[in-house]
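Student: Top line first, the protein sequences correspond to chains A and B. Each residue of the first sequence is one higher than the one before, counting from 0 in numbering that gives the first Met the number 0. Each residue of the second sequence is one higher than the one before, counting from 0 in numbering that gives the first Met the number 0. C-beta atoms are modelled at their ideal positions from N, C-alpha and C, and glycine is treated no differently. After the structure tokens below, expect a handful of questions from me.
2 protein chains.
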Amino acid sequence: MHHQTRNITVQENTIVKASISKQIAEQLRAAIVAGQFKIGQRLPTEDELAQRYGVSRPSVREALKRLAAQNLVRAKRGPTGGNFVVQPSYAELAESLSGAATLLVGMGALGIEEIIEARRALQGSCIDLAANNASATHIQNIEAALNRQQDPGISDEAFCQADVAFHRALVDATDNGMLRFVMYTVIEALIPVTNMVVTVVRERSDIISLHRQMLEHLKQGDSDALKKRMDELLDYLLQKFEQASACRA
Amino acid sequence: MHHQTRNITVQENTIVKASISKQIAEQLRAAIVAGQFKIGQRLPTEDELAQRYGVSRPSVREALKRLAAQNLVRAKRGPTGGNFVVQPSYAELAESLSGAATLLVGMGALGIEEIIEARRALQGSCIDLAANNASATHIQNIEAALNRQQDPGISDEAFCQADVAFHRALVDATDNGMLRFVMYTVIEALIPVTNMVVTVVRERSDIISLHRQMLEHLKQGDSDALKKRMDELLDYLLQKFEQASACRA
DNA sequence: AAATTCTATTTGTAATACAAATCATGTTAA
DNA sequence: TTAACATGATTTGTATTACAAATAGAATTT
């Protein structure tokens with residue numbers, strides 16, 4: 000058996016014991032981050048990786064699955080197929096982020112009040128930036144989301160989707176990738192509340208009304224008024240949430 | 000062969016084709032989020048899962064690896080072992096977050112200027128909250144990190160670690176989990192800059208001096224002064240970063 | 001020349017076997 | 001009786017092999 004000696008090769012790099020698939024996942028990740036494998040490039044076949052690291056193919060595959068779960072690689076079958084390094088997109092990253100956030104909410108590790116407070120704290124300066132940097136395209140996007148929301152025929156799910164789109168578009172107007180990355184998480188974490196609220200028709204129009212005012216303020220570059228409306232929106236959500244909680248208790 | 004029919008069972012839930020391991024990963028994730036498996040609880044053995052879903056054990060394992068990469072489950076060996084639903088901790092989640100953020104930075108999708116701007120935008124209201132909610136313990140933690148930083152004997156790496164700890168502790172003082180979750184990401188994304196800066200001795204003392212002032216302001220609850228110092232710190236970092244960039248160009 | 005079939009390559013899945021870890025139980029010795 | 005130790009059972013970790021499925025390109029046939 001030759002894989003014993005190869006095994007040592009793997010472990011001497013990372014010193015000690017973590018499962019082999021984890022070690023390999025980390026080595027591959029490091030190689031990717033270091034630019035050894037560039038974006039869009041195909042990395043060696045699973046067989047080749049298995050040979051190179053001196054492990055079995057299933058182990059390599061487990062490692063690749065870990066990376067796939069992080070949206071770092073994507074597999075394609077066939078002769079031209081293989082495992083490709085993937086360009087990490089905001090959308091996907093934000094999705095995994097908000098997945099984590101909703102998980103925390105769902106498990107009760109994060110309270111809704113906490114999220115609203117955080118949102119309140121973070122939005123202020125975002126709005127300043129948005130009011131400064133908003134381009135015509137940004138405003139169009141916001142308007143489009145608002146229009147979708149105003150359609151009375153849409154389902155609750157669609158309404159919530161449009162709600163998320165509205166707030167995302169608002170953050171997009173800051174024109175700052177890092178802010179988007181971070182704020183998307185907070186926005187997504189608030190979805191449960193919105194879901195809870197929009198089941199009643201009256202609530203929809205309240206929200207839409209606030210949104211419409213916010214858009215107007217943004218167009219006029221009045222960031223103070225915009226902040227005020229956003230504050231009102233959060234107050235509204237918090238109040239409705241507490242009503243619903245009290246009702247259930 | 001019985002697994003043909005079972006295979007259909009799996010697919011009819013998710014309609015169509017995604018790799019089996021992915022389907023199973025999603026089903027398990029959904030089950031966990033839905034509370035079907037509670038935190039800390041052991042889920043069925045891999046063999047049992049394989050039988051239940053009508054797939055092979057390697058497929059189940061690939062699915063579990065995906066979940067493990069998301070810090071959703073953890074495996075333990077032995078008779079009392081198994082795959083356990085894990086309490087998602089801020090630390091680990093934030094780690095995976097910042098991993099993603101550093102990835103974006105490393106691949107050039109996020110610029111340092113962008114990160115600093117984001118940090119500047121987000122910190123303000125955080126500071127207000129921190130000044131209001133900071134407990135004695137919080138302040139102790141901040142002080143401890145500062146003390147570690149002041150030790151002239153420590154390495155550059157240790158200095159940066161202490162720097163991160165300082166800013167984290169500052170955010171912790173807000174006593175808001177969501178804010179921590181989000182701000183950790185921004186803080187970690189700034190590490191490369193700090194790394195770049197602290198290589199010179201002079202810079203260390205500049206940073207420490209600002210940190211010490213910030214701590215004092217916090218103790219006195221003077222959030223305005225605290226914000227000002229933080230702004231100066233960011234100005235400083237940005238300036239040094241641009242120097243370094245210009246130098247290299 | 002175009003359409004089709006064939007073939008090679010690569011990932012996806014399965015089945016099985018054994019290794020390693022670890023806890024529980026029983027056994028032995030003090 | 002108690003404590004230390006050994007043994008076994010259980011579960012994940014890894015390896016091996018084989019075959020299925022997808023797919024692109026080449027070869028073949030019409």
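Taking 9 Å as the cut-off, decide whether the C-beta atoms of Leu27(A) and Glu112(A) are in contact.
Tutor: No; because the gap between Cβ atoms is not below 9 Å, this pair is not in contact.
Student: Which of the residues in the region 207 to 234 of chain A, read from start to end, lie with their CB under 7 Å from any CB of chain B?
Tutor: Of all residues in the region 207 to 234 of chain A, none has a Cβ within less than 7 Å of some Cβ in chain B.
Student: Taking the alpha-carbon of Leu209(B) as reference, which of Gln219(B), Ala224(B), Met195(B), Thr198(B) has the nearest alpha-carbon?
Tutor: Among Gln219(B), Ala224(B), Met195(B), Thr198(B), the Cα nearest to that of Leu209(B) belongs to Ala224(B).
Student: Which residue comes first and which comes last in the beta strand (DSSP E) that contains Asn131(B)?
Tutor: Run containing Asn131(B): none in the beta strand (DSSP E); it sits in the alpha helix (DSSP H), 111 to 132.
Student: Within the 9 Å Cβ cut-off, does Thr8(B) reach chain A?
Tutor: A caution first: Thr8(B) carries a pLDDT of 32, below 50, which makes its placement in the model too unreliable to give a value.
Student: Classify Val15(B): buried if its beta carbon has 16 or more other beta carbons within 10 angstroms, exposed otherwise.
Tutor: Unreliable placement is indicated for Val15(B), whose pLDDT of 42 sits below 50; no coordinate value is reported for it.
Student: Is DSSP giving Gly34(B) helix, strand or coil here?
Tutor: DSSP places Gly34(B) in coil when its eight states are reduced to three.
Student: Classify Glu241(B) as buried or exposed, calling it buried when 16 or more other Cβ atoms lie within 10 Å of its own Cβ.
Tutor: Counting Cβ neighbours within 10 Å, Glu241(B) comes out exposed, since fewer than 16 surround it.
Student: Counting C-beta neighbours from all protein chains within 10 Å, is the total for Lys226(A) 16 or more, i.e. buried, or is it exposed?
Tutor: Lys226(A) comes out buried.
Student: Listing by chain order, which chain A residues have their CB less than 9 Å from the CB of Pro87(B)?
Tutor: Here the neighbours are Ala99, Leu102, Leu103, Met106, Ala108.
Student: Let me know if Arg228(A) comes out buried or exposed under the rule of 16 or more other beta-carbons within 10 Å of its beta-carbon.
Tutor: Buried is the call here.
Student: Given that a residue counts as buried once 16 or more other Cβ atoms are within 10 Å of its Cβ, and exposed if not, what is Ala93(B)?
Tutor: Counting Cβ neighbours within 10 Å, Ala93(B) comes out buried, since at least 16 surround it.
Student: Could you list which residues in chain B have their beta carbon closer than 7 Å to that of Asn131(A), in chain order?
Tutor: None at all; the shortest Cβ gap to chain B is about 11 Å.
Student: Leaving out the 5 sequence neighbours to the left and right, which residues in its chain are closer than 7 Å to Lys75(B) when beta-carbon positions are compared?
Tutor: Here the set comprises Gly81, Phe83.
Student: Alpha carbon to alpha carbon, how far is Gln160(B) from Pro151(B)?
Tutor: Their backbone Cα atoms lie some 14 Å apart in a straight line.
Student: Evaluate Gln86(B) with the Cβ neighbour count: other Cβ atoms within 10 Å of its Cβ, from every protein chain shown; 16 or more gives buried, anything less gives exposed.
Tutor: It is exposed - the Cβ of Gln86(B) has fewer than 16 other Cβ atoms within 10 Å.
Student: Cβ of Thr184(B) less than 9 Å from any chain A Cβ?
Tutor: Yes, Thr184(B) lies at the interface with chain A (some Cβ there is under 9 Å from its Cβ).
Student: Relative to the alpha-carbon of Asn70(B), which residue among Val199(B), Arg211(B), Ala24(B), Ser244(B) has its alpha-carbon at the smallest distance?
Tutor: It is Ala24(B).
Student: For the alpha helix (DSSP H) that Asn140(A) lies in, which residues bound it at each end?
Tutor: Start and end: 135 to 149.
Student: Please check the pair Glu156(B) and Ala100(B), which I expect to be a contact at CB under 8 Å, by giving their CB distance rounded to whole angstroms.
Tutor: About 19 Å separates the two Cβ atoms, so there is no contact after all.
Student: If the cut is a Cβ gap below 7 Å, which residues of chain A does Ile114(B) touch?
Tutor: Going along chain A in sequence order, the residues near Ile114(B) (Cβ under 7 Å) are Met177.
Student: So which of Arg211(B), Cys246(B), Asp221(B) has the shortest CA-CA distance to Leu232(B)?
Tutor: Leu232(B) has its Cα closest to that of Arg211(B), out of Arg211(B), Cys246(B), Asp221(B).
Student: Quick one: any contact between the region 104 to 124 of chain B and the region 59 to 68 of chain B, if contact means 3 or more CB pairs under 8 Å?
Tutor: The region 104 to 124 of chain B vs the region 59 to 68 of chain B: no contact.
Student: Of all Cβ atoms in chain B, is any one closer than 9 Å to the Cβ of Glu61(A)?
Tutor: By this cut-off, Glu61(A) is an interface position.
Student: Indicate whether at least one CB of chain A lies closer than 9 Å to the CB of Cys246(B).
Tutor: It does not: the Cβ of Cys246(B) has no partner Cβ on chain A nearer than 9 Å.
Student: Check whether the Cβ of Val163(A) lies closer than 9 Å to any Cβ atom in chain B.
Tutor: No - not a single Cβ of chain B is within 9 Å of the one on Val163(A).
Student: Please go through the same chain and pick out, in chain order, the residues whose beta-carbon is closer than 8 Å to the beta-carbon of Glu202(A), but skip the five residues on each side of it.
Tutor: If we look at Glu202(A) and ignore the five residues flanking it on each side, its Cβ neighbours are Val196, Lys239.
Student: Keeping to the same chain, check which residues put their C-beta closer than 8 Å to that of Val170(A); ignore five residues upstream and five downstream.
Tutor: These residues qualify, in order along the chain: Cys125, Ala129, Leu178, Arg179, Met182, Tyr183, Ile186.
Student: Contact defined as beta carbons within less than 8 Å: I believe Leu189(A) pairs with Val32(B). What is the distance between those atoms, to the nearest angstrom?
Tutor: Going by Cβ atoms, the distance from Leu189(A) to Val32(B) rounds to 17 Å, so no, they are not a contact pair.
Student: Using DSSP bridges, identify the partner residues of Arg28(A).
Tutor: Its beta-bridge partners do not exist; DSSP assigns none.
Student: When you compare only the Cα positions, how much space is there between Lys37(A) and Thr44(A)?
Tutor: Approximately 16 Å between the Cα atoms of the pair.
Student: If I follow the unbroken beta strand (DSSP E) through Asn194(A), where does it start and stop?
Tutor: No beta strand (DSSP E) contains Asn194(A), which is instead part of the alpha helix (DSSP H) from 190 to 196.
Student: Using a Cβ-Cβ cutoff of 7 Å, what residues of the region 43 to 62 of chain A are near chain B? List them in chain order.
Tutor: Flagged, chain order: Pro57, Arg60, Glu61.
Student: In the DSSP output, which residue or residues are listed as bridge partners for Lys239(B)?
Tutor: Answer by DSSP bridge pairing: none, since Lys239(B) is not bridged.
Student: Quick check on the burial criterion: 16 or more other C-beta atoms within 10 angstroms. Buried or exposed for Ser134(A)?
Tutor: With fewer than 16 other Cβ atoms within 10 Å, it is exposed.
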